[in-house]
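For the sequence shown, the numbering used here begins at 64 and goes up steadily by one.
Cβ atoms here follow ideal geometry from the backbone N, Cα and C, with glycine treated the same way.
For reference, the structure is listed below as structure tokens.
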Amino acid sequence: MEFMISAIIFLILLYTVIPYFLSRGLGVNVVKRGRDLSKIAFTFDDGPNPIYTPILLDLLKENEVKATFFVVGTKAEKYPELIQRMHNEGHLIGIHNYVHHSNWFMSPWKVQKGLKDTAKVIEAITGVEPIYYRPPWGMLNLFDFIKRGKYKIILWSIMAEDWRTSGGSEKIKQRLANIKGGDVILLHDCGDTLGAESEAPRNTINALRDVLKTVKTKGFTCVRVDELVKKL
């Protein structure tokens, strides 16, 4: 019995914690930042959202910023016009999976099906097959490494913890005050996932109004993830 319990614990660790340590801690098989110190990449997870995504797109367009959106497949199906707008305005669209569930609690087959289903949704709308992928909460399992295939896994080098409203936009601006060249910045344009607050993206957008001006004065160019990592 003790051997069986030990074996089960080992398998759980092998499937979850070890891949998490390798990816988040050591950066194995993932991209967390770029090498071009003149460029940075803003990325947005969990959308599209019918309220906040259009406002965010307006702000990015106003500031001539190209960004990357890691979208949830079920939401892309529900709001195809927002996916089309992202594409038309030159943003990169990546996969966040079909539903916003942790890969730790899904079988590898369900994760792979979610990737394929989301890719089909995005390609049907834009005509472009997505290859960039960020799993929910950045939680990779063992098979994300083994069955990575054509997908390029993008994590982040800086996050603003913008999924909650506490601290308002000032907290977000403070967390983004030390952006460095090559950074991949994690933000959210939707707040209806587990642990998030629905009004939180409003603070993100308000903070970005100042942050985007600041990064320009520092000489950074805001680019899509594919441009930031193309030399890696």
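Assigned with DSSP and collapsed to three states, residue 129 falls in coil, not helix or strand. A distance below 7 angstroms between beta-carbons, with the five flanking residues on each side excluded, links residue 205 to the following residues of its chain, in chain order: 77, 78, 82. Below 8 angstroms, enough C-beta pairs join the segment 107-119 and the segment 260-279 to call them touching: three or more. The Cβ atoms of residue 286 and residue 72 do not sit closer than 9 angstroms to each other. Following the DSSP letters along the chain, one finds residue 251 in no alpha helix (DSSP H) but inside the beta strand (DSSP E) bounded by residues 247-251. Secondary structure at residue 254: coil, using DSSP grouped into helix, strand and coil. Residue range 205-209 is occupied by the alpha helix (DSSP H) that includes residue 208. Taking residue 193 as reference, the option from 131, 90, 284, 263 with the minimal CA-CA separation is 131.
For residue 121, the closest of 199, 282, 248, 149 by C-alpha to C-alpha distance is 149.
In the DSSP assignment, residue 96 forms a beta bridge with 246.
Between the segment 195-203 and the segment 151-160, the count of C-beta pairs closer than 8 angstroms reaches three or more; the two stretches touch. Distance from the CA atom of residue 101 to the CA atom of residue 139, rounded to whole angstroms, is 32 angstroms.
Residues of the same chain with a CB within less than 6 angstroms of the CB of residue 133, apart from the 5 flanking positions on each side, are 108, 157, 159, 197 in chain order. The straight-line gap separating the alpha-carbon atoms of residue 136 and residue 125 is approximately 27 angstroms.
Non-local beta-carbon contacts of residue 220 in its own chain, meaning distances under 6 angstroms to residues more than five positions away in sequence, involve 95, 96, 246, 247 in chain order. With at least 16 other beta carbons inside 10 angstroms of its own, residue 166 counts as buried. For residue 280, the enclosing alpha helix (DSSP H) starts and ends at 263-280.
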